[in-house]
Amino acid sequence: MVATKTAQEAAFTDWLAKHEDEMIAFLEELVNIDSGSYDKSGVDAAGAAIAAFFEREGITCDIIPLEDHGDAVRATLPTAGTGSNQPILLMGHRDTVFPKGETERRPFTIKDGIAYGPGVADMKAGLVMNAFILSAFAKLGGAPAPLIALFTGDEEIGSPESKKVIKAEASKARAVFNSEPGRPTGNIVTGRKGGIFFRCEVTGKAAHSGANHQDGISAIEELARKIQAWHALTDYDAGHTLNVGLISGGQSVNTVAPLASCDIDLRYKDPARREEIVKAITGIAENNSVAGTSSVLTILGEFHPLTQSAEGEQLIENYLSSGRDVGLTMEGEFSGGCADSGLASVLGAPTICGLGPVGGKVHSPEEYMEVDSIVPRAQALALTILRMGAAS
1 MVATKTAQEA AFTDWLAKHE DEMIAFLEEL VNIDSGSYDK SGVDAAGAAI
51 AAFFEREGIT CDIIPLEDHG DAVRATLPTA GTGSNQPILL MGHRDTVFPK
101 GETERRPFTI KDGIAYGPGV ADMKAGLVMN AFILSAFAKL GGAPAPLIAL
151 FTGDEEIGSP ESKKVIKAEA SKARAVFNSE PGRPTGNIVT GRKGGIFFRC
201 EVTGKAAHSG ANHQDGISAI EELARKIQAW HALTDYDAGH TLNVGLISGG
251 QSVNTVAPLA SCDIDLRYKD PARREEIVKA ITGIAENNSV AGTSSVLTIL
301 GEFHPLTQSA EGEQLIENYL SSGRDVGLTM EGEFSGGCAD SGLASVLGAP
351 TICGLGPVGG KVHSPEEYME VDSIVPRAQA LALTILRMGA AS
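Using our numbering, read the sequence shown as starting at 1 and increasing by one per residue.
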């Protein structure tokens, strides 16, 4: 790490502090745009607002079109002068889990220093923070490497289309900072579980449930047996869990069900056990105990675990030190949730997550963000980047 330049650091922390009102105004704009993962037009509207911000700031921004989900927005700030050519990547997603119309029902509000609204913490506040960090470097200079900010649109469903964009950027990165919400404790996230979303579709045979029940083959019965077997794979000590979170099926109450399906959520801690667990899930799907049924299992999306290398551990220490210098007391913690940070980590880039403003109760109507955390969290990340210096 290069020697710090106190005057330069003070310029950054002061600039960010002076722009708190603008940060909150931009956050309000983004939160009040419906952007559920399957609402491409809404996610792209949020992307357009972000692109407009960078255009106003004179920062190069391009749109990477994606067919089914929100386009990726990429802002780029080149290095001025001598520095590393290996970029530093700031990441975040602008899709939420909420349906269209949610912003009208409960728009952005602030009460007693707490901001509320759909996606306010997860993770539109982190997007605002990343945008203003790039703006600060554009105004003040000092970036030790090219800065790239990537804003994707399908993270909440496993990044099925954005994954390739994230991997392309992360594979070149010197370091990756993902501004998912800071934990309610104020901590950052230094490790995450991996996760896979599956869908199993079972086919049986329809029949009248009263007149000729014996001619039917129940897809629901077969699926019920499979669900019990999948849930039995949960092993808390080993750190992996199975959850069937959605089920559907049947034709009518008086018809033996010809079709049934479910969506399965796997979370696992140990990357070495991924194949073993997937094999067990697949085996249950393929083993049909109700004669005459058939099943198809597909993977809908996947997150890799966030793990740390020696370089990652050093990056964490540098970030925590920067945080202390702006008055933050925090540590790293492990999360059972998944995020795009795992996609960067698996490629070998030193990666830390949960760097956004502090919030909690995400994915619920009570989701919140602590307003007074947005500036110091932005300052901590800006100082960490400044202190990375030129690559040796």
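Just so you know, even glycine gets a beta-carbon here, dropped at the ideal spot from N, CA and C. The model shown is predicted, which means the values in this text are computed figures rather than measured ones.
Close beta carbons around residue i, own chain, < 6 Å, minus the five adjacent residues each side
i	result
residue 331	187
residue 307	345
residue 152	72, 93, 162
residue 369	115, 120, 121, 125, 357, 359
residue 375	16, 17, 20
residue 239	269
residue 39	100
DSSP state of residue i mapped onto helix, strand, coil
i	result
residue 19	coil
residue 397	The shown model of the chain, from 1 to 392, leaves out residue 397, and the question about it has no answer.
residue 313	helix
residue 85	coil
residue 227	helix
residue 95	coil
residue 390	Summary for residue 390: the model assigns pLDDT 42, below 50, so the residue's position carries little reliability, and this model does not support an answer.
residue 59	coil
residue 359	strand
residue 6	helix
residue 221	helix
residue 328	coil
residue 27	helix
residue 323	helix
residue 66	coil
residue 307	coil
Beta-carbon spacing of residue i, residue j below 9 Å
i	j	result
residue 342	residue 192	yes
residue 121	residue 337	no
residue 73	residue 50	yes
residue 333	residue 359	no
residue 278	residue 259	no
residue 288	residue 222	yes
residue 257	residue 218	yes
residue 34	residue 100	yes
residue 41	residue 156	no
residue 261	residue 245	no
Run of the alpha helix (DSSP H) containing residue i, from where it starts to where it stops
i	result
residue 385	374-386
residue 345	341-345
Element boundaries [beta strand (DSSP E), containing residue i]
i	result
residue 75	70-77
residue 249	241-249
residue 369	368-370
residue 332	332-335
Other residues of its chain near residue i: CB distance less than 7 Å, five sequence neighbours each side excluded
i	result
residue 124	27, 30, 31, 94
residue 424	Missing from the structure shown is residue 424; the chain here goes from 1 to 392 and no further.
residue 382	12, 16, 133, 136
residue 142	8, 386
residue 380	319, 322, 323, 326, 328
Neighbourhood of residue i by C-beta distance below 8 Å, restricted to the same chain and skipping five residues each side
i	result
residue 59	75, 76, 77, 134, 135, 138
residue 445	The question about residue 445 has no answer here: the residues shown for the chain are numbered 1 through 392.
Review point. Which parts of the segment 29-53 are runs of the alpha helix (DSSP H), unbroken and 4 residues or longer, counting only runs that do not cross its ends?
Key: Counting only unbroken stretches of 4 or more residues, no alpha helix (DSSP H) element lies wholly within the segment 29-53.
Practice item. Entirely within the segment 103-138 and at least 3 residues each: give me those beta strand (DSSP E) ranges in chain order. Key: The segment 103-138 is shown to contain whole beta strand (DSSP E) runs of 3 or more residues at 109-111, 114-116, in chain order.
Point to revise | Whole alpha helix (DSSP H) elements within the segment 147-218, 4-residue minimum | key: 162-170
Point to revise | Unbroken stretches of the beta strand (DSSP E), 3 residues or longer, contained in the segment 251-295 | key: If you keep only unbroken beta strand (DSSP E) runs of at least 3 residues inside the segment 251-295, you get 259-268.
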